[in-house]
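**Q** Take this structure, written in structure tokens, and hold onto it; I'll ask about it next.
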Amino acid sequence: MILQSLYDYYQRKVEEGDPDIAVFGFEKKEIPFIIELNNEGHLIQIEDTRKQLGKKKLASAYFVPQGVKKTAAIATNLLWDNVEYVLGLTLGKKEQQAQKELDKTIKNLEASDYPNPDDSSTLLEKLTSLLAFIENNKPAEIPPTLVKSLQKQQKILNRVNQQHQAFIDKLKNQQQAILDDNGVKAVLNFLESFDTQSLKDHPLYEDLKTNPNITFRLQRDKDLICQRKAIITSLQTEKTEQKNTNTCLITGEQAEIGRLHTAIKGVWDAHTAGANIISFNHHAFTSFGKKQGDNAPIGEKAIFAYTTAINHLLRKDSPQRVQVGDTSTVFWAEKQTKLETLMPSFFGFSKDKPDAGTNAVKSLYQSYHHGKLNPDEANTGFHVLGLAPNGARISIRFWQTSTVKEMADLILQHFEDISIIHHAKQSENLPLFILLISTATQGKADNISPNIAGETIRSILTGMPYPKTLLTSVIRRIRAEQSKKDKAGKSSPNVTYPRAALIKACLNRQLRYNNPEKEEILQMSLDKENTNIGYRLGRLFATLEKIQEEANPNLNATIRDRYYGAASSTPVTVFSTLLKLKNHHLSKMSNKGRVTNLEKLMGEIMEEITDFPPNLDLSSQGRFSIGYYHQRQDFF
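If you use my numbering, the sequence shown corresponds to residues 701 to 1336, in order.
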């Protein structure tokens, strides 16, 4: 179902003519440098495609032939790759280490008859010559360990040569239609005459030493050589030649079955080279003696379609993905709909666009909640996929499919659930990222529990109760920060707007799902009719704290710092003490009218409290927090 939906999404984007979607056999790749050649294959220039963005330089992206899956073995791409493959340059630490070993050995041979190496020779040639001299003369001043080190460096440099030769051989072994192309002829001529030493004085040499991707273009051509018509046509033709055919599980048609699936990139904390949803890299995963992709037969074109679709959704700055905790979540619909690009604003948060979530919810209300959605769009299929890293694989954290209308209703229900009174300057609709940050230690995204993030999104998208661990985490953070101070040393709120919103949502949704008659639903703002003992005790604690603050205006700490945890979990142990302190604080207040009002409020709150309970369960602790929050908001 997941792969079929991704396959259909790819077909939709192709039909819409999306310029960011690759045709079969190609992929979009960042290419920092382009070698410009004339028709004879002479180097004209090396173009730097990077643009300055803040402190970083970002390379332009181009459609290039789909890359091979890189492993420990030598495997090269067609007409593009990194500098080691394309130009055969030994760069960076490899070059430095080899040169260091070479210089060290030559210095030890100063007393011998070893001739100084020719400056025009390559590093590999110098190493090979030196090892031959040592083999023939066996100088005593060269220990065996140094010889082994030299041989290791020679092996490393030899591999670079083999990579470069593999790049040339792959190009030479293409169909004749490709070899007859003028651009390909120019590349082959360039590679045959290219001298690596000639680049050492090039102004971009230091940048090339980082081994970036590089490709070719003919002088005065707009397209890359790998984008020329002959190459595209030939690659398409080549892919249609059937070899290992079977029924494709995605299309249901006879197709050439792919042995390996294209790597999926962009999942947070997964392998940088990419990972797979489908993989049979261990014998235990196979059945009936089948190997690799034959265990789950999917056609080459279907593999290309679904992996291109998901990589497109996961790409950098994608408007259809959001990162919450360790879960990378993507959204798409069967037809174009506004909800596709609105979804990330509901869940994520951008410092550059802090009001994006509020604006998205307003747009959703206007378009979907007030009957402005046409029936065709309302019934359009909508899909949400949550992915998480799992070594060389990708785990499906959740998968939800419904219609646009159903999804819009679920999103709006979530925002109604978390709606609670707050300061006028605070955001009207909190994105999920901000809510989850409030449950994390030190307010850091890295400390968000992975399971909480995924399970919370699942709850939102299904309308089910929020995970119990979410409420537990919020209560835990509130108690842990009961004595938290701001930069000025003043008490900082522990029951914050996001935490109060989460608690209200967790408790109300649980009641609505299980037994709506059992307890009172929590309201947006202060509910004077709510007689729940937890809620009343929270209001009482907030009032006692307010009395202390007004009696001692310059206090850096209040009763909350010392007593909140016990008051919210084991009320009987502290409230008698707090009520005695209250009398002391009231006696210090000079405004007798204010004293009367506060005592009257205390009487109203305690009217329904017959006794202080020995303990409060988790739900009641949550209600205590909401009562405390509501009463504090009412004071201000």
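The beta carbon of each residue, even a glycine, is placed where N, CA and C say it ideally should be.
Which residues share a DSSP beta bridge with D781?
**A** I914
**Q** Do the region 1228 to 1247 and the region 1318 to 1328 make contact, defined as three or more Cβ pairs closer than 8 angstroms?
**A** yes
**Q** Buried or exposed: which applies to F980, given that a residue is buried once 16 or more other Cβ atoms fall within 10 Å of its Cβ?
**A** By the neighbour-count definition (other C-beta atoms within 10 Å, threshold 16), F980 is a buried residue.
**Q** Determine the contact status of L1318 and I1221, defining contact as a CB-CB distance below 9 angstroms.
**A** no
**Q** By DSSP's criteria, V1022 is part of a beta bridge. Which residues make up the other side?
**A** Bridge partners of V1022 according to DSSP: T1029.
**Q** Between A722 and the rest of its own chain, which residues show a CB-CB distance below 6 angstroms, the 5 nearest in sequence each way excluded?
**A** K728, F763 and T1008
**Q** Which of helix, strand or coil does DSSP assign to I735?
**A** Note: I735 maps to strand in three-state DSSP.
**Q** To test your reading of the DSSP string, which unbroken alpha helix (DSSP H) runs of 4 or more residues are found completely within the region 1228 to 1262?
**A** 1233 to 1251
**Q** Applying the criterion that 16 or more other CB atoms from any shown protein chain within 10 Å of the CB defines a buried residue, is S1028 buried or exposed?
**A** buried
**Q** Quick check on the burial criterion: 16 or more other C-beta atoms within 10 angstroms. Buried or exposed for E1000?
**A** buried
**Q** Nearest-angstrom Cα distance between F1275 and K1144?
**A** 34 angstroms
**Q** Taking T915 and G788 to be in contact with their CB atoms under 8 angstroms, please state how far apart those CB atoms are, rounded to whole angstroms.
**A** Actually they are not in contact, since the Cβ atoms of T915 and G788 sit about 15 angstroms apart, beyond 8 angstroms.
**Q** Which residue from K1300, G1048 and P1313 puts its Cα closest to that of A1266?
**A** P1313
**Q** Hey, how far is the Cα of K755 from the Cα of S1192?
**A** 35 angstroms
**Q** Give every residue of the same chain whose Cβ lies closer than 6 angstroms to the Cβ of T940, excluding the five residues on either side of it in the sequence, and list them in chain order.
**A** The predicted position of T940 is uncertain, since its pLDDT is 49 and thus under 50; a value taken from the coordinates is nonetheless stated next. Cβ within range, chain order: n/a, list empty.
**Q** Give the straight-line distance between the Cα atoms of L1255 and K1190, rounded to the nearest whole angstrom.
**A** 8 angstroms
**Q** In chain order, which alpha helix (DSSP H) runs of at least 4 residues are fully inside the region 1118 to 1189?
**A** 1132 to 1137, 1150 to 1162 and 1168 to 1180
**Q** Among I806, V860 and S821, whose alpha-carbon lies nearest the alpha-carbon of E841?
**A** For E841, the nearest C-alpha among the options comes from I806.
**Q** What does the Cβ neighbour count give for R928, buried or exposed, with the cut at 16 atoms within 10 Å?
**A** Classification for R928: buried.
**Q** How is S1287 classed by DSSP in three states: helix, strand or coil?
**A** Three-state DSSP puts S1287 in a helix.
**Q** On the CB-based measure, 16 or more other CB atoms within 10 Å of its CB, does H1284 come out buried or exposed?
**A** exposed
**Q** In terms of alpha-carbon separation, which member of K965, A930, I998 and I931 lies closest to R959?
**A** Here the closest residue by C-alpha is I998.
**Q** Counting only runs that start and end within the region 925 to 957, where is the beta strand (DSSP E) found for 3 or more residues in a row?
**A** 945 to 947 and 954 to 956
**Q** Between the C-alpha atoms of I890 and K1105, what's the straight-line distance to the nearest angstrom?
**A** Here residue 890 turns out to be Phe, not Ile, going by the sequence shown. When rounded, the distance between both Cα atoms is 58 angstroms.
**Q** Can you tell me where the beta strand (DSSP E) with W1090 in it begins and where it stops?
**A** The sequence shown places Asn at residue 1090, rather than the Trp named in the question. Element bounds for N1090: G1081 to N1090.
**Q** Among N882, L918 and Y1213, which has the Cα closest to the Cα of I734?
**A** Residue L918 is the option with its Cα nearest to I734.
**Q** Go to L789, then tell me how far its alpha helix (DSSP H) extends in each direction, as first and last residue.
**A** Careful: L789 lies outside any alpha helix (DSSP H) and carries neither H nor E.
**Q** Compute the distance between the beta-carbons of V1084 and V1024, then report whether it is under 9 angstroms.
**A** no
**Q** Quick one: Cα of E736 to Cα of N946, how far?
**A** 43 angstroms
**Q** Should G767 go down as buried or exposed, given a rule of 16 or more other Cβ atoms within 10 Å for buried?
**A** buried
**Q** Could you compute how far the alpha carbon of D1334 sits from the alpha carbon of I731?
**A** 58 angstroms
**Q** In whole angstroms, what separates the C-alpha of I978 from that of E956?
**A** C-alpha of I978 to C-alpha of E956: approximately 17 angstroms in a straight line.
**Q** Suppose you measure from the CA of G883 to the CA of N739; what does that come to, to the nearest Å?
**A** 7 angstroms
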